[in-house]
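Each residue of the sequence shown is one higher than the one before, starting from 199 at the first, in our numbering.
For every residue, glycine included, the Cβ atom is placed at its ideal position computed from N, Cα and C.
All of these numbers come straight from a predicted model, not from anything done at the bench.
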Amino acid sequence: MPLALWALTISAFAVGTTEFVIVGLIPTIAADLGVSLPSAGLLVSLYALGVTIGAPVLTALAGRLPRKTLLLSLLVLFIAGNAFAAFAPGYDSLIAARFLTGLAHGVFFAIASTIATDLVDREKESSAIALVFLGLTVALVTGVPLGTWIGQNFGWQASFLGVVVLGVIGLIASALLVPGTLRRRPVPRLSAQAKVLTSPRLLLVYLITAVGYGGNFIAFTYLAPMLSEVTGLGAGAVSLVILLYGASVAVGNIIGGKLADRMGAVRALTLIFIGLSAVLLALGLTLSSPAAAIAVIAVWGGFAFANVPPLQVYTVQIAREVAPDAVDVASGLNIGAFNLGIALGAWTGGLVVAGSGLAAAPLLGAAVVSVGVLLTRLSGRLDRAASPLPAE
């Protein structure tokens with residue numbers, strides 16, 4: 199794999215840490231700012247909303263910029279947003295900082311995904327995207343548990359300052375390793391962008407992404423309070439379990455990319471979503487038992503994030519067929535769909551927690567992901583009818 203891919207992975211590590219570190223800090227921030235757990239959970243939803251808006255809109259508007267220039271500019275915006283969060287004087291300011299940072303996040307992963315596919319042969323595209331998203335998964339393994347520990351012991355503001363440092367490292371790595379001679383794609387015409395927004399096949403993939411990926415966040419957003427209040431673990435043990443979850447994510451992300459390369463996106467996604475639904479159901483049934491809950495969480499992360507590479511490469515494959523001049527825009531919309539799912543999942547999780555308690559969140563998540571299985575099978579049928587896409 200080219201060195202440029204590793205530069206993207208390093209940057210993705212920084213971006214991934216700031217997205218998910220908030221999950222471990224929700225109880226800390228809620229107590230410090232005097233807000234409820236669902237209100238603190240909005241810090242996840244509003245960040246994801248920023249990604250949802252920023253990914254398609256800014257990707258389209260910035261299409262004329264050289265891609266390396268755009269990449270570095272996004273990392274600068276990311277650093278500024280996290281610095282703002284670190285010094286936010288209150289809840290409203292922190293919400294604004296999270297939204298701002300989310301704008302940069304969405305375009306970063308949209309551009310990084312398409313750069314990755316351009317740097318390798320087509321048969322290695324899923325693995326290349328998986329390598330980029332490996333930065334996100336490694337963030338879950340190391341950045342999020344470490345950030346949680348820092349926030350619990352030195353204040354949540356210190357966690358965001360740590361992310362600023364990570365962002366600077368990612369900026370330097372990208373400046374040095376990403377080539378300045380990246381192929382510049384033509385700016386898509388409005389008619390091409392309209393195809394992305396009106397293609398039934400692409401819209402179905404975006405729905406699969408939002409439902410199948412987002413259903414997990416009904417439970418994941420409230421992982422820390424579930425472990426502390428239902429399972430009965432202490433703060434240190436919670437950080438270790440989040441570390442275990444992240445290690446599972448890293449394995450699942452790699453396996454997800456290889457499954458998509460070998461068996462096609464639809465078959466891979468069907469298998470992954472069925473596994474994720476089963477694991478969420480098991481978590482809901484075992485949450486009150488520390489040993490059983492930890493055992494389930496050890497495999498949960500793998501299923502929860504294994505769907506990322508197949509979903510992203512599936513989007514690129516279909517976009518090449520139905521809107522070949524707007525692949526970047528299509529990729530950006532799918533990044534938006536990922537985060538729309540996060541936003542809705544975190545918001546729905548907050549409603550469930552407030553109304554039925556923390557233990558109900560994984561059960562609802564399992565039901566929502568099951569809907570993703572049905573949508574995936576429907577998409578596979580449409581692919582077989584429309585084209586020889588390697589979906590089955």
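Near residue 477, what residues of its chain come up, given a Cβ to Cβ distance below 7 Å and the 5 sequence neighbours on each side ignored?
By 1-based counting over the sequence shown, the position of residue 477 is 279. The answer, listed in chain order, is 494, 497, 498 and 501.
In chain order, what residues of the same chain have a beta carbon less than 6 Å from the beta carbon of residue 560, not counting five sequence neighbours either side?
Taking the first residue of the sequence shown as position 1, residue 560 is located at position 362. For residue 560, where only same-chain residues beyond five positions count, the Cβ hits under 6 Å are 417, 478, 481 and 482.
Which residue wins for smallest C-alpha separation from residue 321, given the options 230, 458, 286 and 556?
Within the sequence shown, residue 321 is the residue found at index 123, counting from 1. Per the Cα distances, 458.
Let's test the definition: count the other Cβ atoms within 10 Å of the Cβ of residue 475 and tell me whether it reaches 16, buried, or not, exposed.
Numbered from 1 along the sequence shown, position 277 holds the residue referred to as residue 475. The residue is buried, with at least 16 neighbouring Cβ atoms inside 10 Å.
Would you mind working out which of 289, 300 and 210 sits nearest residue 275, comparing C-alpha positions?
By 1-based counting over the sequence shown, the position of residue 275 is 77. Among 289, 300 and 210, the Cα nearest to that of residue 275 belongs to 300.
Can you look up residue 414 in the DSSP assignment and give me helix, strand or coil?
Locating residue 414 in the sequence shown gives position 216, where the first residue counts as 1. Three-state DSSP puts residue 414 in coil, outside helix and strand.
Straight-line Cα distance separating residue 433 from residue 587:
Sequence index remark: in the sequence shown, residue 587 carries index 389 (1-based). Sequence index remark: in the sequence shown, residue 433 carries index 235 (1-based). For residue 587, the predicted model reports a pLDDT of 49, less than 50, meaning its position is unreliable and no value from the coordinates is stated.
Please report the distance separating the alpha-carbon of residue 219 from that of residue 408.
Translated into the one-based positions of the sequence shown, residue 219 becomes position 21. Translated into the one-based positions of the sequence shown, residue 408 becomes position 210. In a straight line, the C-alpha of residue 219 is about 21 Å away from that of residue 408.
For the region 475-540, which segments carrying the alpha helix (DSSP H) assignment without a break, of at least 4 residues, lie completely within its bounds, in sequence order?
488-504 and 506-520
Between the region 556-572 and the region 272-289, can you find at least three pairs of beta-carbon atoms closer than 8 Å?
Counting Cβ pairs under 8 Å, fewer than three are found: no touch.
If we count the other Cβ atoms within 10 Å of its Cβ and call it buried at 16 or more, is residue 505 buried or exposed?
Sequence index remark: in the sequence shown, residue 505 carries index 307 (1-based). Buried, since its Cβ has 16 or more Cβ neighbours within 10 Å.
For residue 224, which of 334, 413 and 349 has the nearest alpha-carbon?
Reading the sequence shown from its first residue, position 26 is the one you call residue 224. When only C-alpha atoms are compared, the closest one is 349.
Please return the same chain residues whose Cβ sits closer than 7 Å to the Cβ of residue 511, not counting the five positions on each side in sequence.
Counting from 1 along the sequence shown, the entry for residue 511 is found at position 313. Excluding positions up to five away in sequence, the list reads 323, 324, 327, 458 and 463.
Compare the C-alpha of residue 289 against each of 308, 228 and 263 and name the closest.
Taking the first residue of the sequence shown as 1, we reach residue 289 at position 91. When each option's Cα is compared against that of residue 289, the closest is 228.
In the structure shown, what three-state DSSP assignment does residue 407 receive?
Numbered from 1 along the sequence shown, position 209 holds the residue referred to as residue 407. Here residue 407 sits in helix by DSSP.
For residue 286, name the three-state secondary structure that DSSP assigns.
Start at 1 with the first residue of the sequence shown, and residue 286 comes out as number 88. Residue state, collapsed to three classes: coil.
State whether the region 410-424 contacts the region 537-547, with contact taken as three or more CB pairs (one from each stretch) at a distance under 8 Å.
With the cut-off at 8 Å, the region 410-424 and the region 537-547 touch.
How would you call residue 367, buried or exposed, if buried means at least 16 neighbouring beta carbons within 10 angstroms?
Along the sequence shown, read from residue 1 onward, the residue named residue 367 stands at position 169. In this structure residue 367 is exposed. Its beta-carbon is surrounded by fewer than 16 other beta-carbon atoms within 10 angstroms.
As a quick exercise: from 207, 246, 262 and 267, pick the residue whose alpha carbon is nearest that of residue 295.
As a working note, residue 295 is residue 97 in the sequence shown. Comparing Cα-Cα distances from residue 295 to each of 207, 246, 262 and 267, the minimum goes to 246.
Considering only their Cβ atoms, is the gap separating residue 577 from residue 406 smaller than 8 Å?
The sequence position of residue 406 within the sequence shown is 208, counting from 1. The sequence position of residue 577 within the sequence shown is 379, counting from 1. For residue 406 and residue 577, yes; Cβs fall inside 8 Å.
With DSSP as the reference, label residue 450 as helix, strand or coil.
On the sequence shown, position 252 is the one that residue 450 refers to. In this structure, residue 450 counts as helix in the three-state DSSP scheme.
Could you please give the first and the last residue of the uninterrupted alpha helix (DSSP H) stretch that includes residue 575?
Locating residue 575 in the sequence shown gives position 377, where the first residue counts as 1. First-last of the alpha helix (DSSP H) with residue 575: 559-584.
For residue 351, which residues of its own chain have a beta-carbon under 6 Å away from its beta-carbon, when the five flanking residues on both sides are left out?
The residue labelled residue 351 in the question sits at position 153 within the sequence shown. Same-chain partners within the cutoff: there are none.
Take the Cβ of residue 522 as the centre, count every other Cβ of all protein chains shown within 10 Å, and call the residue buried at 16 or more, exposed below.
Start at 1 with the first residue of the sequence shown, and residue 522 comes out as number 324. Answer is exposed; the Cβ neighbour count stays below 16.
Where do the N-terminal and C-terminal ends of the alpha helix (DSSP H) with residue 357 fall, by residue?
In the sequence shown, the residue the question calls residue 357 occupies position 159. Looking at the DSSP string, the run of the alpha helix (DSSP H) that includes residue 357 is 354-375.
Assuming the contact rule is C-beta atoms closer than 8 Å, residue 304 and residue 537 should be a hit. Round their C-beta distance to whole Å, please.
What you label residue 304 is simply residue 106 of the sequence shown in a count that begins at 1. What you label residue 537 is simply residue 339 of the sequence shown in a count that begins at 1. Yes, they are in contact, since the Cβ atoms of residue 304 and residue 537 sit about 6 Å apart, within 8 Å.
C-beta atoms of residue 206 and residue 310 nearer than 8 Å
Taking the sequence shown and counting its residues from 1, one reaches residue 206 at position 8. Taking the sequence shown and counting its residues from 1, one reaches residue 310 at position 112. Yes, the pair counts as a contact, with Cβ atoms nearer than the cut-off.
Would you tell me roughly how many angstroms separate the C-alpha atoms of residue 427 and residue 557, rounded to the nearest one?
The count along the sequence shown starts at 1 and reaches residue 427 at position 229. The count along the sequence shown starts at 1 and reaches residue 557 at position 359. When rounded, the distance between both Cα atoms is 10 Å.
According to DSSP, simplified to helix, strand and coil, what is residue 438?
The count along the sequence shown starts at 1 and reaches residue 438 at position 240. Residue 438 falls in the helix class under three-state DSSP.
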